[in-house]
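Participant:
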Amino acid sequence: MAWYVDRAAQVFVFVGGISAIVFIAGIFVFITKEGLDFVLGPLSLGEFFTSIEWRPTSNNPTYGALALIVGTASVTGFAMLLSVPLSLGAALFIAEFATGKTRETLKILVEMLAAIPSVVWGFVGMSIMHPLIIRVFDVPLGLGVLNAGLILGLMAAPIMTTIAEDALKAVPDTYREAAEALGATRWEVIVKVVVPASRNGLLAAVLLGVGRGFGETMAVLMASGHAINLPTSVFDSVRALTATIAAELGDTVQGGNHWGSLFTLGILLFIVTFVINLTADIVVRGIRKK
Amino acid sequence: MFAATPLNRRSHRNQNVARAVFFLMTVALVIPVLIIVGTLVVRGGPALSWEFLFTAPRDNMTAGGILPALVGTIWLVVVALLASVPVGVAAALYLSEYAPDNLLTRTINLAIINLAGVPSIVHALFGVGAFVYFFRFGASILAASLTLAVMTLPVVIVATRESLQAVPQAFREACWNMGATRWQTIRKVVLPNSISGILTGVILEVSRTAGETAPIMFTGATAFVAFLPESVFDQTMAMSYHLYYIATQATDVPEQLTFGVALVLIAIVLAMNAVSIAFRVYLRGLKKW
Numbered sequence: 004m005a006w007y008v009d010r011a012a013q014v015f016v017f018v019g020g021i022s023a024i025v026f027i028a029g030i031f032v033f034i035t036k037e038g039l040d041f042v043l044g045p046l047s048l049g050e051f052f053t054s055i056e057w058r059p060t061s062n063n064p065t066y067g068a069l070a071l072i073v074g075t076a077s078v079t080g081f082a083m084l085l086s087v088p089l090s091l092g093a094a095l096f097i098a099e100f101a102t103g104k105t106r107e108t109l110k111i112l113v114e115m116l117a118a119i120p121s122v123v124w125g126f127v128g129m130s131i132m133h134p135l136i137i138r139v140f141d142v143p144l145g146l147g148v149l150n151a152g153l154i155l156g157l158m159a160a161p162i163m164t165t166i167a168e169d170a171l172k173a174v175p176d177t178y179r180e181a182a183e184a185l186g187a188t189r190w191e192v193i194v195k196v197v198v199p200a201s202r203n204g205l206l207a208a209v210l211l212g213v214g215r216g217f218g219e220t221m222a223v224l225m226a227s228g229h230a231i232n233l234p235t236s237v238f239d240s241v242r243a244l245t246a247t248i249a250a251e252l253g254d255t256v257q258g259g260n261h262w263g264s265l266f267t268l269g270i271l272l273f274i275v276t277f278v279i280n281l282t283a284d285i286v287v288r289g290i291r292k293k
Numbered sequence: 003m004f005a006a007t008p009l010n011r012r013s014h015r016n017q018n019v020a021r022a023v024f025f026l027m028t029v030a031l032v033i034p035v036l037i038i039v040g041t042l043v044v045r046g047g048p049a050l051s052w053e054f055l056f057t058a059p060r061d062n063m064t065a066g067g068i069l070p071a072l073v074g075t076i077w078l079v080v081v082a083l084l085a086s087v088p089v090g091v092a093a094a095l096y097l098s099e100y101a102p103d104n105l106l107t108r109t110i111n112l113a114i115i116n117l118a119g120v121p122s123i124v125h126a127l128f129g130v131g132a133f134v135y136f137f138r139f140g141a142s143i144l145a146a147s148l149t150l151a152v153m154t155l156p157v158v159i160v161a162t163r164e165s166l167q168a169v170p171q172a173f174r175e176a177c178w179n180m181g182a183t184r185w186q187t188i189r190k191v192v193l194p195n196s197i198s199g200i201l202t203g204v205i206l207e208v209s210r211t212a213g214e215t216a217p218i219m220f221t222g223a224t225a226f227v228a229f230l231p232e233s234v235f236d237q238t239m240a241m242s243y244h245l246y247y248i249a250t251q252a253t254d255v256p257e258q259l260t261f262g263v264a265l266v267l268i269a270i271v272l273a274m275n276a277v278s279i280a281f282r283v284y285l286r287g288l289k290k291w
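Sequences listed follow chains A and B, in order. First residue of the first sequence: 4, per the working numbering; consecutive thereafter. First residue of the second sequence: 3, per the working numbering; consecutive thereafter.
(1) For B:ALA151 versus A:PHE33, is the C-beta spacing smaller than 8 angstroms?
(2) Look up A:TYR66 in the DSSP assignment and give the residues it is bridged to.
(3) Taking the beta carbon of A:GLU180 as the centre, do at least 16 other beta carbons fall within 10 Å, making it buried, or is it exposed?
(4) Could you tell me the alpha carbon to alpha carbon distance between A:SER240 and A:LYS195, rounded to whole angstroms?
(5) Going by DSSP, what residues sit across from A:VAL241 in a beta bridge?
(6) Is DSSP giving B:PRO170 helix, strand or coil here?
(7) May I ask you to verify whether the stretch 71–89 of chain B touches the stretch 236–254 of chain B, counting CB pairs closer than 8 angstroms and requiring at least 3?
(8) Between B:GLY262 and the rest of its own chain, which residues show a CB-CB distance below 7 angstroms, the 5 nearest in sequence each way excluded?
(9) Are any of the Cβ atoms in chain B nearer than 8 angstroms to that of A:GLU180?
(10) Could you confirm whether any beta carbon from chain A is found closer than 8 angstroms to the beta carbon of B:GLY119?
(11) Does DSSP classify A:ALA187 as helix, strand or coil?
(12) Kindly indicate which three-state DSSP category A:ALA117 falls into: helix, strand or coil?
(13) Mind checking which residues open and close the alpha helix (DSSP H) that includes B:GLN258?
(14) Count the other CB atoms, across all protein chains shown, that sit within 10 Å of the CB of B:TYR284; report buried if there are 16 or more and exposed otherwise.
(15) What is the DSSP secondary structure of A:THR220, reduced to helix, strand or coil?
(16) Since B:GLY66 sits in a beta bridge, which residues does DSSP pair it with?
(17) Is A:ASP9 close to chain B, meaning its C-beta is less than 8 angstroms from at least one C-beta of that chain?
(18) Out of B:LEU288, B:PRO256, B:ARG286, B:ALA273, which one is the CA nearest neighbour of A:SER130?
(19) At 8 angstroms on the CB atoms, spell out the chain A contacts of B:THR109, in chain order.
(20) Can you tell me the Cα-Cα spacing of A:VAL198 and A:LEU171, whole angstroms?
(21) Just to make sure I have the definition right: I need the residues of chain B whose C-beta is within less than 9 angstroms of the C-beta of A:SER121. Which are they?
(22) Spatial neighbours of B:ILE110 within its chain, please: C-beta separation below 7 angstroms, excluding the five flanking residues on both sides.
(23) In whole angstroms, what separates the C-alpha of A:LYS110 from that of B:GLU164?
(24) Would you say B:PRO34 lies against chain A (beta-carbon separation less than 8 angstroms)?
(25) Does any CB atom of chain A fall closer than 8 angstroms to the CB of B:SER209?
(26) Rounding to the nearest angstrom, what Cα-Cα distance links B:VAL227 and B:MET63 in this structure?
(27) Which residues share a DSSP beta bridge with B:ALA223?
(28) What is the residue span of the alpha helix (DSSP H) that B:ALA20 lies within?
(29) By the criterion of Cβ-Cβ separation under 9 angstroms, what are the contact partners of A:ARG189 in chain B?
(30) Measure from the C-beta of B:GLY131 to each C-beta in chain C and report whether the shortest distance is under 8 angstroms.
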C-alpha cells in the first residue's frame with residue numbers, strides 16, 4: 004500500500020516538475036498560433052523592422068514596428084544608464100561594507116522597492132514625476148524617455164542588486180582574507196579580487212535587469228507618453244512594444260490582422276527575453292564550471 | 003616602523019571614499035520607496051474612510067469607494083493560489099527531493115527562469131489565447147487567475163525549493179533508515195520542517211498577484227461592474243486595473259480618489275511583503291539546526 008502511495012506521489016510531483024516546461028512551451032505555442040496567420044500573411048519583415056508607420060487601424064494598414072523597437076530600446080537604455088551603476092554600487096555596499104542592522108535594513112528596503120506594483124510606478128510617473136519634470140526642466144510635457152527611464156531604472160534596480168549581491172557573496176571569503184593578509188584595503192580587495200572573481204555573476208545581473216526593463220508594460224505605458232516617435236531628446240514621448248500591445252489589444256477583433264500583428268509583437272518580445280535569460284544562464288553556468 | 007606611509011594613507015582614503023560613494027548609491031535607490039509611500043500617504047490618506055473601502059464607485063468613478071475592486075482582487079488572488087500552490091509545491095518537491103542532475107532538470111530550471119522573465123504582457127497574450135479562447139473560459143475570473151497563476155508559479159517554486167533544501171539531509175536519512183518510503187519521509191519529516199518557509203513564499207506570491215495589471219487586463223478584469231462576482235465565470239473589477247483605469251481612462255476623477263486607490267493597493271502589497279519578511283526573520287530565530 005505504502006509503495007503505491009509512494010509511486011503515485013512520485014508521478015504527481017514529476018507532473019508538477021515538468022509543468023514549468025509545459026507552460027513555457029504553451030506560451031510559445033499559443034502566441035505563435037494566434038500570430039501565425041499574420042506572420043504568414045500581411046507581415047513584411049522589411050516594413051516591420053524599418054518603417055515607423057504603425058497604423059494597423061487605417062484603411063490601408065501599415066505595420067512598421069521600428070518606432071516601437073526604438074522606443075523600447077531608448078527607455079530601457081536610459082533606465083540602464085541610471086540603474087546599472089546604482090545597483091552594482093548598492094550591491095557592493097551591501098555585500099562588502101554594510102554589517103548587521105544597516106545591512107538588514109537596506110536589504111529589506113530593496114525588497115520593498117521590488118514589491119511596488121508596476122501600475123503604481125506608472126501612476127507615480129504620471130502624477131508625481133510628470134509635473135516635477137515640467138517644473139524642473141521647463142518643458143511642455145513631462146511624459147517621455149526621461150520619465151519612463153527613471154521609473155524603469157528604479158524598477159529594474161532591485162533584481163540587479165539582489166543578483167549582483169548573490170554573485171559577490173559567492174566569492175569565497177578565503178580570497179578576501181588572502182588579499183587582506185597581503186595588506187590590501189577593503190577597496191583594493193573589491194577592485195582586484197572580488198569584482199574580477201564575480202564578473203560573470205555581475206554580468207548576469209545586468210542582463211536580467213535589461214530583461215526586466217525590456218518587458219515592463221504598465222509603467223512604460225503610463226509614463227512614456229505613448230506617442231509613436233523616434234526620440235531626439237530625453238524629453239520626447241515614445242511608445243514601447245509592450246505598451247502597444249496593452250493599449251491596443253482591447254480594441255481588436257479576434258483573429259483579425261491587427262490582433263495578429265499584436266501577437267507578432269508578443270512573439271518578438273518572447274524571443275528577445277528568452278535569449279536574454281538563456282544568455283544570463285549560460286554566463287552564470289560559466290562561473291560554476293570554474 | 004609601522005607608521006603610515008603616504009601610500010597607506012592614500013589607499014585608506016580611497017577605501018573611505020569608495021564606502022561613502024557606494025553608500026550614497028544605495029541610499030539613492032532606497033530613498034524613492036520612502037518618497038513614494040510618503041507622497042501616497044499624504045495625498046491619498048484623506049480619501050480613506052470606511053465608506054471608501056465598503057461602497058462601490060458612483061457617478062462615472064468620480065465618487066464613491068472601491069469595494070468591488072477589493073473583493074475582485076481577493077477572488078483573483080484566491081483562485082490563482084488554488085491553482086499555483088499545489089503545482090508549485092509539487093514542482094519544488096520534484097526538484098529538491100527527486101530530480102537527478104540531468105538534462106531534464108536543467109531544462110526545468112531554465113524554464114522556471116524564463117517563466118519569471120517573460121514580460122507580463124506576453125503572459126497576458128498567452129492567457130487570452132489559451133484560457134479565454136482555446137479553453138473557452140471567456141473573459142472571467144477563472145481565465146485571469148490562471149494567467150496570474152502561471153506567471154507567479156516561479157515565486158512559489160523558488161521559495162518552496164529553498165525551504166525544502168534547508169531541511170538537513172540527515173533528517174531524511176534517519177527517516178529512510180526506519181524503513182519509510184520517500185513519500186512518507188516527505189510528508190512526515192520534510193514538509194513539517196519546511197512548511198513555514200513555504201508559507202513565506204505563498205505570502206510573497208499573494209503580494210505579487212495582487213499588484214499585477216497587464217495579465218488581467220484582457221482576461222477577466224473590467225472597468226466597472228455594479229455587482230460583486232458570484233462565480234469564477236464572472237468578470238470582475240480589480241484594484242490594480244481600477245487604478246490604471248481611473249488614472250488614464252476615466253475623466254474628472256478627483257485627484258484625492260486616485261491617490262487613495264494607489265495608497266490602498268500599495269498598502270496591501272507592502273503589508274503582505276512585510277508579513278513575509280517578518281515571518282522569515284522570526285523563523286530564522288527559531289531554527290533548531
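Glycine included, each C-beta is placed from N, C-alpha and C at the ideal position.
Facilitator: So, from the data block:
(1) Not closer than 8 angstroms, so no.
(2) DSSP, once it has assigned bridges, lists A:TRP57 as partnering A:TYR66.
(3) Exposed, because fewer than 16 other Cβ atoms sit within 10 Å of the Cβ of A:GLU180.
(4) Straight-line Cα distance between these residues: approximately 42 angstroms.
(5) For A:VAL241, the pairing in a beta bridge is given by DSSP as A:GLY228.
(6) In the three-state reduction of the DSSP assignment, B:PRO170 falls in the coil class.
(7) Yes: at least three Cβ pairs fall under 8 angstroms.
(8) Excluding residues within five positions, the ones whose Cβ falls inside 7 angstroms are GLY46, ALA49, LEU50, PHE54.
(9) A:GLU180 does not count as touching chain B.
(10) At least one CB atom of chain A sits nearer than 8 angstroms to the CB of B:GLY119.
(11) Under the three-state reduction of DSSP output, A:ALA187 falls in the coil class, being neither helix nor strand.
(12) Three-state DSSP puts A:ALA117 in a helix.
(13) That run of the alpha helix (DSSP H) goes 257–288.
(14) So B:TYR284 counts as exposed.
(15) Coil at A:THR220, not helix or strand.
(16) DSSP output for B:GLY66 lists B:PRO59 as bridge partner(s).
(17) Taking Cβ atoms only, chain B reaches closer than 8 angstroms to A:ASP9, which makes this a yes.
(18) Nearest in C-alpha terms to A:SER130, of all of B:LEU288, B:PRO256, B:ARG286, B:ALA273, is B:PRO256.
(19) Those are ILE24, listed as they occur along chain A.
(20) Each residue's Cα considered, the two are about 7 angstroms apart.
(21) Neighbours of A:SER121 across chain B, judged by C-beta separation under 9 angstroms: SER122, GLY213, GLU214, THR215, ALA216, SER242.
(22) The answer, listed in chain order, is LEU97.
(23) Taking the straight line joining both Cα atoms gives about 18 angstroms.
(24) Judged by the 8 angstroms Cβ criterion, B:PRO34 is in contact with chain A.
(25) Closer than 8 angstroms to the CB of B:SER209 there is at least one CB belonging to chain A.
(26) Using only the alpha carbons, I get a separation of about 11 angstroms.
(27) Paired residues: B:THR238.
(28) Its alpha helix (DSSP H) spans residues 8–46.
(29) Within 9 angstroms Cβ-Cβ: GLN17, ALA20, ARG21.
(30) You won't find chain C in this structure, because its protein chains are A and B.
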